[in-house]
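For reference, the structure discussed in these notes is given below.
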Amino acid sequence: MSRIDLLRRLDPEELRRLEPETPIETVPKGALIASPHDGRHRLYLIKAGSVRLYKLTAGGKELTVDLLGAGHIFGEIGTFTTGSDNLYAEARETSVICSIDKARFDRLIGEHPQLALHFIEIVSNRLKEVEEMMERMAYGSVRQRLLFLLGKLTDKYGTALPAEANGGGEPGWVRLDVGLTHQELAAMAGSIRETVTDALNALAADGIVSKEGLRKPLRVHRERLRAAMEEG
DNA sequence: GCATTAAGTATAA
DNA sequence: TTATACTTAATGC
893 MSRIDLLRRL DPEELRRLEP ETPIETVPKG ALIASPHDGR HRLYLIKAGS VRLYKLTAGG
953 KELTVDLLGA GHIFGEIGTF TTGSDNLYAE ARETSVICSI DKARFDRLIG EHPQLALHFI
1013 EIVSNRLKEV EEMMERMAYG SVRQRLLFLL GKLTDKYGTA LPAEANGGGE PGWVRLDVGL
1073 THQELAAMAG SIRETVTDAL NALAADGIVS KEGLRKPLRV HRERLRAAME EG
């Protein structure tokens, strides 16, 4: 959702100057990077790896809100935020995270006003995406919601698969290498595991997705997925 | 192995 | 569609 590197617009010289001021740390898989309780109001930039953002539901369960990869940003500084409050951020794999505090962010914005515009752009895109999600969630069937979710995830994390890599040598497949269980997909799509299992199997029967194997990445056929979403 | 977790199925509500 | 429950498959210790 925020697949834009906030700082990429700075010239290399600026970045070098900023380097010593923005702590870069390597966090191991499974580590908590930020939580609502740590009181660390910072903006985080993912240099490498991937991060899962989640919040706790009333029932105490974790609800995955978003998955982020290299170049994405998240966090909250002062009154600016890239998402809702009460978010936990967990490293899904060993990741390199760089963070910036409010004072430094403010100064950066002062020195590079274009960064503020860029920041707004990122937040706007996110808002747009969330509204689209709400619409789908409210009016679509589980199949539709799942298609939408898979589409989003595929756009963000899909890696194109060469035609030869597939059984029939068919082109157009994309590998979706997110370690999400049916359980998690269900929570994200507002359904339950069993229904997602069925829906996913139905999609597989329709040739929209295909399984590489149990507990292996899913493959998604972008065009057919788009077409299936059109069908309402 | 044995326990734990994920996924697949079945059946009732 | 969802809830409940049971089976089967993988994975980690």
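For the first sequence, the numbering used here begins at 893 and goes up steadily by one.
Think of the CB as a built atom: it goes at the ideal place given N, C-alpha and C, for glycine as much as any other residue.
The distance from the Cβ of T973 to that of K921 is about 26 Å, inconsistent with a contact at the 8 Å cut-off. By the 16-neighbour rule on beta-carbons within 10 angstroms, I969 is buried. At least 9 Å separates the beta-carbon of V1070 from that of R1114.
The three-state secondary structure of E1003, taken from DSSP, is helix.
With contacts defined by Cβ atoms closer than 9 Å, V988 and L960 do not form a contacting pair. For S976, the secondary structure class from DSSP, reduced to helix, strand or coil, is coil. Judged by DSSP secondary structure, H1113 falls within the beta strand (DSSP E) whose first and last residues are 1110 to 1113. Boundaries for G967: no alpha helix (DSSP H) harbours it, while the beta strand (DSSP E) harbouring it runs 965 to 969, taken from the DSSP string. The DSSP-derived three-state label of A1094 is helix.
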